[in-house]
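Residue numbers (the numbering used here): 65 to 652. Presented below is the structure to which this report refers.
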Amino acid sequence: MKLSQLYANKSFKNIVFNDGVNLVLAKVTKKLDLNKDSHNLGKTTLIAVIDFMLLKEVKEDHIFKKYQEKFSGYVFFLEILLNSGEYLTIKRAVDSPTKISFKTTKVSTNLLEEENWDKPNISLEKAGITLNEYFAFDILKQWQYRKSVTYFLRSQKDYNDVFQLSKFSKGKDIDWKPFMFDLLGFNGVLLNEKYETDSKIAEQKSFINGLKSKFAVDTEEVDKIKGAIDLKVSEQKDLQEQIDNFNFYQQERKLNKELVEEVETKISELNSAEYNLEFELDKTKQSFSQNISFDIDQLKRIYEEAEIFFPDNLVKDYKALEEFNKRITEERNKYLEEKIGTLTKQLRAIRLSLFSYDEKRNQILSVLKDKDSFKKFKSYQIDLTKVEGEISRLDEKLKSIDKIAILNETTNKLSASLETLVKDISYQITASDNKIYPEIRKVFHNIFKFIFNAPAIIFMRQNAQGNIEFKVEVTKENEVDITAEGKGNTYQKMLCISFDLAVLVAYHKNSFYRFVYHDGALEGLDNRKKMNFLTVIRRYCLECNLQYIFTSIEHDIPTEMLKSFSDKEICLTLNDSGDDGKLFEFSF
65 MKLSQLYANK
75 SFKNIVFNDG
85 VNLVLAKVTK
95 KLDLNKDSHN
105 LGKTTLIAVI
115 DFMLLKEVKE
125 DHIFKKYQEK
135 FSGYVFFLEI
145 LLNSGEYLTI
155 KRAVDSPTKI
165 SFKTTKVSTN
175 LLEEENWDKP
185 NISLEKAGIT
195 LNEYFAFDIL
205 KQWQYRKSVT
215 YFLRSQKDYN
225 DVFQLSKFSK
235 GKDIDWKPFM
245 FDLLGFNGVL
255 LNEKYETDSK
265 IAEQKSFING
275 LKSKFAVDTE
285 EVDKIKGAID
295 LKVSEQKDLQ
305 EQIDNFNFYQ
315 QERKLNKELV
325 EEVETKISEL
335 NSAEYNLEFE
345 LDKTKQSFSQ
355 NISFDIDQLK
365 RIYEEAEIFF
375 PDNLVKDYKA
385 LEEFNKRITE
395 ERNKYLEEKI
405 GTLTKQLRAI
415 RLSLFSYDEK
425 RNQILSVLKD
435 KDSFKKFKSY
445 QIDLTKVEGE
455 ISRLDEKLKS
465 IDKIAILNET
475 TNKLSASLET
485 LVKDISYQIT
495 ASDNKIYPEI
505 RKVFHNIFKF
515 IFNAPAIIFM
525 RQNAQGNIEF
535 KVEVTKENEV
545 DITAEGKGNT
555 YQKMLCISFD
565 LAVLVAYHKN
575 SFYRFVYHDG
585 ALEGLDNRKK
595 MNFLTVIRRY
605 CLECNLQYIF
615 TSIEHDIPTE
625 MLKSFSDKEI
635 CLTLNDSGDD
645 GKLFEFSF
């Protein structure tokens with residue numbers, strides 16, 4: 065399946081794709097004009113248009129949504145050369161992107177004015193299924209073509225990871241790893257089942273923890289709960305018999321005992337404590353009201369009356385004593401205030417307890433003194449209801465433990481299945497019956513080494529959870545020691561490009577994609593590596609009947625290399641001389 069031509073009903077640089085190598089060239093005509101940017105000519109936008117024609121869903125961030133007024137009225141046509149040899153034209157309008165039309169022809173045909181479509185205006189969902197049938201891939205049949213197409217439409221944002229495209233970056237591993245496992249020739253169903261089993265186990269454990277939290281149960285306490293139920297059932301039986309027989313003698317004895325042994329004793333203790341606190345509080349308040357003072361003048365008069373000389377030094381000493389006494393009194397009063405506060409709080413708490421116990425005593429006395437048997441009956445019936453409620457609560461606890469036991473058993477079975485899946489996945493990696501994976505690794509290695517003269521290796525490993533991690537690294541000659549060279553942006557991009565090509569080469573005899581589009585493939589490479597790149601691309605396009613489309617700025621291509629492209633191979637030329645040089649011949 066290759067791209068044949070792309071055209072529109074309004075201003076657009078219509079493209080006829082070459083069967084092999086295709087260059088989308090962006091020319092810089094005014095190098096000193098800093099307001100002109102060759103990156104905005106449309107060479108990157110083209111990949112979005114092709115993806116749109118391959119039925120990508122149009123979301124709010126798509127250019128046709130963001131600039132809806134600019135593109136209103138546009139109808140695009142993409143002609144595809146199917147692996148059967150027929151040509152399929154897809155028609156899709158910007159204003160009605162969910163209505164798709166299809167038509168097949170024996171030869172390449174411009175259908176701009178066509179009115180008789182084989183499948184006119186079918187829904188987007190149905191169109192995806194129909195296009196999948198037209199492609200008729202004989203590999204990866206379990207996957208819809210949209211799953212894989214973006215690997216062969218690599219934009220700049222898709223060079224960050226060889227295996228995980230940007231569209232999968234916010235999703236889960238199950239969204240792309242099983243597909244990748246299949247693409248590499250393994251059984252992706254195993255990975256899918258592994259992730260689903262992981263999810264089921266997590267759900268089971270979450271539900272179990274929810275039950276434990278809700279009912280506050282411990283699976284080790286089954287016998288303890290059963291014992292508690294037995295005791296409550298016995299209590300329930302006694303209450304029911306006494307109610308049925310109107311025999312409240314035992315209940316009243318129990319209340320008498322409770323009144324005497326518990327309530328009256330506690331009230332007596334609290335009364336004693338209340339008395340002690342009141343006594344202590346009164347003493348403290350009295351102490352607080354008593355002040356010790358020294359009156360120097362009065363003392364002096366007493367001395368004068370006794371005709372004793374009162375020396376000035378002695379007066380000074382008494383004044384100092386008075387100041388000292390004042391400070392002592394202040395400290396003493398502060399302490400007494402704190403003590404009064406503490407005693408008051410304690411007294412308040414005791415009085416609250418006294419009130420509570422007094423209420424309880426009154427309730428018990430009310431029952432004992434009440435001669436109305438029916439009223440007593442109602443009181444004990446409430447007790448029976450409480451006991452029955454407790455039995456019900458304990459029963460629910462027991463049932464939840466039974467549920468947990470069943471869930472644990474299910475979880476154990478799932479864990480056993482998970483262990484088997486992990487082993488099966490491991491066997492898949494180590495088994496020697498996969499012909500595709502070694503071929504992809506070999507071609508990948510050959511492409512990358514031809515360009516950089518440095519080996520690169522694709523490998524996989526299982527992590528601690530048994531999940532697959534796909535790896536690709538530039539290595540030293542012994543292909544074991546991993547180097548840091550594979551971490552550079554240019555190397556990273558070439559690793560992605562080499563992988564995409566390797567997949568197409570490995571499957572070139574199958575009915576599968578036979579084209580790949582790489583945006584900005586040459587950026588960052590030195591001239592020698594650019595020549596190596598073009599050489600290896602041309603070779604595989606010729607040997608494996610592949611179509612390679614790439615975009616480049618003119619000054620990224622060496623002069624001699626640019627001369628090697630035929631007019632057909634330069635499928636589109638853009639420039640920054642004005643709007644006429646842009647893909648849509650206008651700015652947005």
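Glycine is no exception: its CB is placed at the ideal position from the N, C-alpha and C atoms. These numbers come from a predicted model, not from an experiment.
Residue i in three-state terms, based on DSSP
| i | result |
| --- | --- |
| R578 | coil |
| E61 | Examination of residue 61 is not possible in this model, given that the chain is present from 65 through 652 alone. |
| V213 | helix |
| T554 | helix |
| E143 | strand |
| I203 | coil |
| N99 | Per-residue confidence for N99 stands at a pLDDT of 42, beneath the threshold of 50, marking its modelled position as unreliable; the derived number appears in the next sentence. N99 falls in the coil class under three-state DSSP. |
| Y571 | coil |
| N639 | strand |
| F343 | helix |
| N426 | helix |
| N273 | helix |
| Y151 | strand |
| A654 | Residue 654 is absent from the structure shown; the chain starts at 65 and stops at 652. |
| K435 | In this prediction, K435 has a pLDDT of 49, which is less than 50 and means its spatial position is unreliable; nothing more can be read from the coordinates. |
| Q327 | Inspection of the sequence shows that residue 327 is occupied by Val rather than by Gln. Three-state result, V327: helix. |
| Y259 | helix |
| S628 | coil |
| S136 | coil |
| I621 | coil |
| G588 | coil |
| K409 | helix |
| Y198 | helix |
| T484 | helix |
| Q304 | helix |
Nearest-angstrom beta carbon gap, residue j and residue i [assumed within contact, 8 angstroms]
| i | j | result |
| --- | --- | --- |
| G584 | S616 | 7 angstroms |
| V569 | V507 | 5 angstroms |
| K535 | N82 | 35 angstroms between Cβ atoms; not a contact. |
| K74 | G137 | 6 angstroms |
| I164 | I186 | 6 angstroms |
| I111 | S212 | With 8 angstroms as the limit, I111 and S212 do not qualify as a contact, their Cβ atoms being about 16 angstroms apart. |
| G192 | L119 | 5 angstroms |
| L610 | H572 | 7 angstroms |
| L145 | M65 | 7 angstroms |
| L565 | I511 | 6 angstroms |
| K269 | T475 | 7 angstroms |
In DSSP terms, what residue i is bridged to
| i | result |
| --- | --- |
| N86 | I613 |
| R525 | E533 |
| A337 | Partner(s): none; A337 has no beta bridge. |
| R218 | H582 |
| K163 | S187 |
| V80 | Q69 |
| T169 | Y151 |
| V538 | A520 |
| I634 | L87 |
Proximity winner among the options, relative to residue i (alpha-carbon distances)
| i | options | result |
| --- | --- | --- |
| R425 | W181, V327 and K403 | V327 |
| S481 | K264, M117, T153 and E503 | K264 |
| S172 | R505, F141 and L636 | F141 |
| T93 | F650, T637 and F116 | T637 |
| E178 | I186, L188, K167 and E395 | K167 |
| L478 | G274, T348, K627 and E257 | E257 |
| E483 | E150, L254 and K234 | L254 |
| V297 | L67, T449, S165 and E607 | T449 |
| R525 | F514, L565, F135 and T494 | T494 |
| E537 | H509, I515, H126 and N527 | H509 |
| D590 | P622, A200 and Y571 | P622 |
| E260 | K236, G274, F250 and G249 | K236 |
| Y612 | I561, L195, S270 and S641 | I561 |
| Y209 | N553, E189 and S230 | E189 |
| N553 | K183, Y223 and E342 | Y223 |
| D422 | N517, H619, E333 and K513 | E333 |
| N174 | I79, D115 and K499 | I79 |
| G405 | L341, L418 and L416 | L341 |
| Y215 | I468, R602 and H582 | H582 |
| D640 | S630, L626, E618 and D202 | E618 |
Minimum Cβ-Cβ distance from residue i to chain C less than 9 angstroms
| i | result |
| --- | --- |
| A413 | The question asks about chain C, but that chain is absent: this structure has only one protein chain. |
Problem set entry | Minimum length 4: unbroken alpha helix (DSSP H) runs contained in the segment 491-524 | 500-516
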